[in-house]
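The C-terminal position of the sequence shown is numbered 446 in my numbering, with every residue numbered one higher than the one before it. Data block below; observations after.
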Amino acid sequence: MPMKLYAQAGNYKTKKALICAQYAGLDIQTPTGGPAAQTGRIPVLETGEGCIFSSVAIARYLARVNRLAGLYGQNLLEGGMIDSWVEFCSHELEVPLSTWVLPVQGIYPEVPEATKCAKEDVKKALTVLNNHLLSNTFMVGNSMTLADISVFCALLDAMQLVLDDGFRKPFANLMRWYNLCLSQPEFKAVVGDVKFCGGGAAAAKDAKPKQEAKPKQEAKPKQEAKPKQEAKPKQEGKGKKEEKKKEESKGEPSKEDLEKAAKDKKKKVVKEGGKRGVEIEGAADMGGLQFFCTSVIEPEGDLELTVESMNAMNAKSDPTEEERKGGSGHIGKMIFSAGTEQLSVVAYVPEEKQAALNCVDWITAVLGSQGGEVKTKDKAMSTGIVKTNADKGVFPLKIREPMILEANNFLRKLGLFPEDDSDDDEMVFGDDDFPSM
């Protein structure tokens, strides 16, 4: 029996629920009347077992229905982070955006002072998102979650009505992420094609017709004296000299330069790995995790550097250090790093967990899902790569998330991935409603 969502069809909060339903594989109808007519509240989701009201509560429920969809993260830590961004979205983003957008939509009269303050608050919120997305493909984890859907939908009306080219320009990371969301079939099925608000570009287009006055330049034939400029070859000589100087200044990097670059790169890899190790240790302590699958950025697909990253995660943590590093050597892990030419994969299983999980079998199954190649085999640590293949549509960034999901599913089959079977969080209620039209 399909669920029924009673809500305003064009409202961005309705679209948030429908996108969640697309990912969860749910059939949801959007009729009028029903419980909403009786209670006077919308949105209301009518299920076979009862009704849920408030857009946040509905979205959270739909995100949890199909756990394999991963909309509420892969573990308790990610679930908490998703809740954090959903709260940020509700209070730091939707409030000022409503103040700015609703008057444009004709729902409320504009208060200039409030609009001015709202613009500043929106800019601050977008700066937070832009900084976060500098080193993150998604809002949380390695795949689309409720956090992405919530932020995307909160920005939907603003992107089309008020956030023009000039306003969006400083937020390149945010726009890269937003376009990634738009390209997903689950989003496209609900929002269709989105036309961004114009601005500077439109003004430039309007100005172009003024250039039609150019025909007045027909008097140019008087400039027949131009042949005097034959002395230009001297300038060409200067240009060649400048080019030679540039080429000489560039040169090939020295051995010392290459060694320094390699050391600096390894330092970044180890720093990222050490920090990620602390995060994984914390997640394990909170959620009782035995295994963890994640991605790292700094190795950029280099297999040796990805191994260095894993070693940094497993390094013993010194509690006396101001900034702790590593500390997750007791947790089994599979990490992925995407580069332009390949995706590198490293699997690690500590000695005390090798009876429960075969490291070689794990990485072989995951690499096999995308036609990858196992490079080294060991019961403690195994490695492999998946080469980029444009002809077959195999690109590291594109296949990374599906492979992480494959790694987690392998663990699930062995009963090594924690499943929250409690029904306590299936019915979650919020306190926000759609503004009345």
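Think of the CB as a built atom: it goes at the ideal place given N, C-alpha and C, for glycine as much as any other residue.
Quick check: the Cα distance between ARG185 and SER326, rounded to an integer number of angstroms? Position 176 of the sequence shown holds residue 185. Position 317 of the sequence shown holds residue 326. Using only the alpha carbons, I get a separation of about 36 Å.
Check whether the region 116-133 touches the region 53-62, counting contact only when three or more Cβ pairs, one atom from each stretch, lie closer than 8 Å. no
Closest by CA to PRO194, which one among ILE158, GLY175, ASP174 and ALA181? Translated into the one-based positions of the sequence shown, residue 194 becomes position 185. With distances taken between Cα atoms, PRO194 lies closest to ILE158.
Which of helix, strand or coil does DSSP assign to GLY393? What you label residue 393 is simply residue 384 of the sequence shown in a count that begins at 1. Strand at GLY393.
Looking at the structure shown, is ILE158 part of a helix, part of a strand, or coil, going by DSSP? Stepping through the sequence shown from its first residue, residue 158 is reached at position 149. Correct three-state label for ILE158: helix.
For ASP130, which residues of its own chain have a beta-carbon under 6 Å away from its beta-carbon, when the five flanking residues on both sides are left out? The count along the sequence shown starts at 1 and reaches residue 130 at position 121. Answer for ASP130: PRO105, listed in chain order.
State buried or exposed for LYS342, treating a residue as buried only when at least 16 other CB atoms are found within 10 Å of its CB. For the purposes of this step, residue 342 is taken as the residue at position 333 of the sequence shown. Burial call: buried.
Can you give the Cα-Cα distance for GLU382 and GLY393, rounded to whole angstroms? Within the sequence shown, residue 382 is the residue found at index 373, counting from 1. Within the sequence shown, residue 393 is the residue found at index 384, counting from 1. Answer to the nearest angstrom: the Cα atoms are 5 Å apart.
Cα-Cα separation between THR329 and GLU307, rounded to whole angstroms: The residue labelled residue 329 in the question sits at position 320 within the sequence shown. The residue labelled residue 307 in the question sits at position 298 within the sequence shown. C-alpha separation (whole angstroms): 26 Å.
Member of ASP400, ALA321 and ASN367 whose CA lies at the smallest distance from the CA of LYS386: Reading the sequence shown from its first residue, position 377 is the one you call residue 386. The candidate whose alpha carbon is nearest that of LYS386 is ASN367.
Can you check DSSP and say which residues form a bridge with ALA356? Walking along the sequence shown from the start, residue 356 turns up at place 347. Paired residues: MET343 and SER391.
Within 10 Å of its beta-carbon, does VAL137 have 16 or more other beta-carbons around it, so buried, or fewer, so exposed? Translated into the one-based positions of the sequence shown, residue 137 becomes position 128. With fewer than 16 other Cβ atoms within 10 Å, it is exposed.
I'd like the list of long-range same chain contacts for ALA163, defined as Cβ closer than 6 Å, with 5 residues on each side in sequence excluded. One-based indexing of the sequence shown puts residue 163 at position 154. Within the same chain, ALA163 has close Cβ partners CYS98, LEU102 and GLU103.
By how many angstroms is the C-alpha of LEU425 removed from the C-alpha of LEU14? Here residue 14 corresponds to residue number 5 of the sequence shown, with the count starting at 1. Here residue 425 corresponds to residue number 416 of the sequence shown, with the count starting at 1. Computed Cα separation, rounded: 36 Å.
In the DSSP assignment, the alpha helix (DSSP H) including MET412 goes from what residue to what residue? Position 403 of the sequence shown holds residue 412. Segment 405-422, the alpha helix (DSSP H) holding MET412.
According to DSSP, is MET12 helix, strand or coil? For the purposes of this step, residue 12 is taken as residue 3 along the sequence shown, with counting starting at 1. In the structure shown, MET12 sits in a strand (DSSP, three-state: E or B).
ASN417: which of THR146, ASP174 and SER378 sits nearest, CA to CA? Residue 417 sits at position 408 when you count from the first residue of the sequence shown. The candidate whose alpha carbon is nearest that of ASN417 is SER378.
DSSP-derived helix/strand/coil call for LEU97: Counted from its first residue, the sequence shown places residue 97 at position 88. Per the sequence presented here, residue 97 reads as Phe, with Leu not at that position. Note: PHE97 maps to helix in three-state DSSP.
What are the residues that DSSP puts in a beta bridge with THR56? Translated into the one-based positions of the sequence shown, residue 56 becomes position 47. Answer is GLY59.
If distances are taken between C-alpha atoms only, which option among LEU165, ALA181, GLU281 and PHE300 comes closest to TYR357? Here residue 357 corresponds to residue number 348 of the sequence shown, with the count starting at 1. If we check each option's Cα against that of TYR357, PHE300 comes out closest.
Who are the Cβ neighbours of ARG333 in its own chain at under 6 Å, not counting the five residues just before and after it? Against the sequence shown, residue 333 aligns to sequence position 324. The residues are VAL287 and SER326.
Going by beta carbon distance, what residues of the same chain come within less than 7 Å of ARG409, once the five residues before and after it are set aside? On the sequence shown, residue 409 is found 400 positions in, with the first residue counted as 1. Taken in chain order, the residues that qualify are ASN151, SER304, PHE345, ALA347 and LEU352.
Tell me the start and end of each unbroken beta strand (DSSP E) in the region 253-327 that is at least 3 residues and wholly inside, in chain order. With a minimum length of 3 residues, the continuous beta strand (DSSP E) runs that stay inside the region 253-327 are 300-304.
Hey, is the region 265-276 in contact with the region 393-408, meaning 3+ C-beta pairs nearer than 8 Å? Contact fails: fewer than three Cβ-Cβ distances are below 8 Å.
How far does the beta strand (DSSP E) with VAL171 in it reach, from first residue to last? What you label residue 171 is simply residue 162 of the sequence shown in a count that begins at 1. Run containing VAL171: none; DSSP gives neither H nor E here.
Going by the beta-carbon positions, is the gap between THR5 and GLY79 smaller than 8 Å? Absent from the model: residue 5. The displayed extent of the chain is 10 to 446, so no value can be given.
Within this structure, are the beta carbons of VAL65 and VAL95 separated by less than 8 Å? Position 56 of the sequence shown, counted from the first residue, corresponds to residue 65. Position 86 of the sequence shown, counted from the first residue, corresponds to residue 95. It is a contact, given that the beta carbons lie within the stated cut-off.
Would you call the CB atoms of SER391 and ILE413 closer than 8 Å? In the sequence shown, the residue the question calls residue 391 occupies position 382. In the sequence shown, the residue the question calls residue 413 occupies position 404. Not a contact, by the Cβ cut-off of 8 Å.
Cα-Cα separation between TYR21 and LYS125, rounded to whole angstroms: As a first step, residue 21 is located in the sequence shown; it is residue number 12 there, counting from the start. As a first step, residue 125 is located in the sequence shown; it is residue number 116 there, counting from the start. Going from the Cα of TYR21 to the Cα of LYS125 covers about 23 Å.
Since ILE28 and VAL199 should fall inside the 8 Å C-beta cutoff, what is the C-beta to C-beta distance between them, to a whole number of angstroms? If you number the sequence shown from 1, residue 28 lands on position 19. If you number the sequence shown from 1, residue 199 lands on position 190. Going by Cβ atoms, the distance from ILE28 to VAL199 rounds to 5 Å, so yes, they are a contact pair.
Since THR315 and GLU350 are thought to touch, with beta carbons under 8 Å apart, how far apart are those beta carbons, to the nearest angstrom? For the purposes of this step, residue 315 is identified with residue 306 of the sequence shown, where counting begins at 1. For the purposes of this step, residue 350 is identified with residue 341 of the sequence shown, where counting begins at 1. Incorrect: roughly 13 Å between the Cβ atoms, too far for contact.
Any C-beta of chain D under 8 Å from that of VAL383: No chain D is present in this structure, which holds just one protein chain.
VAL279 versus SER337 - alpha carbon distance: On the sequence shown, position 270 is the one that residue 279 refers to. On the sequence shown, position 328 is the one that residue 337 refers to. Approximately 14 Å between the Cα atoms of the pair.
Specify the secondary structure class of ASN398 as computed by DSSP and reduced to three states. One-based indexing of the sequence shown puts residue 398 at position 389. Residue state, collapsed to three classes: strand.
Where does GLY115 land, buried or exposed, given buried means 16+ other C-beta within 10 angstroms? Taking the sequence shown and counting its residues from 1, one reaches residue 115 at position 106. Exposed: under 16 other Cβ atoms inside 10 Å.
Going by C-alpha distance, which of ALA156, ILE340, LEU172 and MET148 is nearest TRP109? As a first step, residue 109 must be located in the sequence shown, where it is residue number 100. Closest option to TRP109, Cα to Cα, is LEU172.
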